[in-house]
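The structure appears below as structure tokens.
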DNA sequence: TTGTCAACGGCACGCAACGTGCCGATAAGA
DNA sequence: TCTTATCGGCACGTTGCGTGCCGTTGACAA
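Chains as they are written, first to last, in this note's numbering: chain D, 1 to 203; chain R, 1001 to 1203.
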């Protein structure tokens, strides 16, 4: 964009990086609709071959573009208070997940995955499952420290936590706000927490 | 398909019904990929106008087609045992939701909704929210009969129940089997049930 | 410094689906 | 029987796909 008029024609890895960035920029501007290979090529001032040489399809390009920005802050803190740590992480990752450029790219991948089982599997493994696994690690530590009950299937608990948030983000029209997260954590702690087990879940 | 060679050209409502059925048949055969207006028109032996006169887009046609088959057994039974009633309904609606023709059509709508906020809202209101509301009705009755604790946000509970199942069905690659449903209900009853509140959730 | 060659941008192609316009045929209702 | 909206068929221009070709250019080795 801000290149000099006579910017030298870049090649190889430099072009690859530039193309990923262009894809993210375009996604942030126009959303998933209007995000296609020709548009990326036009925007980058590049022949289509230059893209197809690197990625076999738009989905592959989107996957790489998403990886480029979706490594941020995926790790939970461990302050010893599992509820507070989950809460902080959910609050942080919510806007990151919905807003540009991650939101549009994520939506694009989900759309294409509906007609492409292989992409669906890749998307699940590389992104959804990764988030679940980090969550599982954190709550497993909480189980070891006695914050959560022993006889609990935490793998499923992690799926419910992440699944509920993803459901809101990606399928429903509701927003994930602080109230949502608190309710989710109330339910989680009521079901799996060791403290105050004689009372019902807070509202 | 099985029409006589010289079947009279149908019009009006009869054609509408036939087109919806053709859409469902096609979806069951070829899935979401390959499901487009031209294909439906070819399959039905119909001009494209005949479709566009009734629906402004493929999404609108899919919505109507889904409504045609998604009215089945949405109501929960009420045997007085909320866990058993939820379990029965989840077991029943799972295959119905994933299998043809509902599965492919649902996937198609989700894909298109990713780039169409209006469709997204319609899909949420007309299908996802409807299922949540039926669930809410059933668990609200359970709250009145004392099966569930009083100070619980059941609206959110219904969202978690349905959201977790939808997450598996529509975003993950896992299947919704009996074990999943039992774990989900274990968690639900541990968080919101009045019985055995001093023990942890069953695994 | 020069030579080599893969990567590059630009252009064009055939394909498929979109949404629309026009035509003559037809079936439903007056 | 007459009228008319609906119908099937066909064609059009547009867009994006994925590929092929061609002349240029930048990186790297000699």
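Where is the CB? At the ideal position from N, CA and C, for every residue including glycine.
A Cβ-Cβ contact shorter than 8 Å links residue 1062 of chain R with residue 1108 of chain R. Every alpha helix (DSSP H) stretch that sits fully inside the region 117-166 of chain D and reaches 4 residues is listed by chain position as 117-123, 129-144, 154-166. Judged by DSSP in its simplified three-state form, residue 1099 of chain R adopts coil rather than helix or strand. Counting only Cβ-Cβ distances below 9 Å, residue 1171 of chain R has contacts in chain D at 110, 113, 120, 123, 124, 128, 163, 166, 167, 170, 171, in chain order. In the three-state reduction of the DSSP assignment, residue 12 of chain D falls in the helix class. Annotated three-state conformation of residue 179 of chain D is helix, per DSSP.
When the five nearest sequence neighbours on each side are left out, the beta carbons in the same chain lying within less than 7 Å of the beta carbon of residue 44 of chain D are those of 18, 19, 22, in order along the chain. At least one CB atom of chain R sits nearer than 8 Å to the CB of residue 156 of chain D. Residue R:1140 holds the alpha-carbon nearest to the alpha-carbon of residue 1155 of chain R among R:1052, R:1078, R:1140, R:1147.
For the pair residue 158 of chain D and residue 165 of chain D, the Cα-to-Cα distance works out to about 11 Å.
Taking the Cα positions, residue 1171 of chain R is about 14 Å away from residue 131 of chain D. Annotated three-state conformation of residue 193 of chain D is strand, per DSSP. With respect to chain D, the C-beta atom of residue 1031 of chain R has a partner C-beta closer than 8 Å. DSSP, read as helix, strand or coil, puts residue 1056 of chain R in coil. At least one beta carbon of chain D lies nearer than 8 Å to the beta carbon of residue 1183 of chain R. Using a Cβ-Cβ cut-off of 8 Å, residue 1133 of chain R does not count as an interface residue toward chain D, since no Cβ of chain D sits closer than that to its own. The residues 123, 170, in chain order, have a CB closer than 8 Å to that of residue 110 of chain D in the same chain once the five nearest residues on each side in sequence are set aside. Look at residue 22 of chain D here: in three-state DSSP terms it is helix. Within a 10 Å sphere around the beta-carbon of residue 120 of chain D sit 16 or more other beta-carbons, which makes this residue buried. Ranking D:128, D:135, D:66, D:195 by CA distance to the CA of residue 149 of chain D puts D:195 first.
Listed by position along chain R, the residues whose Cβ is nearer than 7 Å to that of residue 44 of chain D form an empty set, because the closest Cβ is around 21 Å away. When the Cα atoms are used, residue 1024 of chain R and residue 83 of chain D turn out to be separated by approximately 46 Å.
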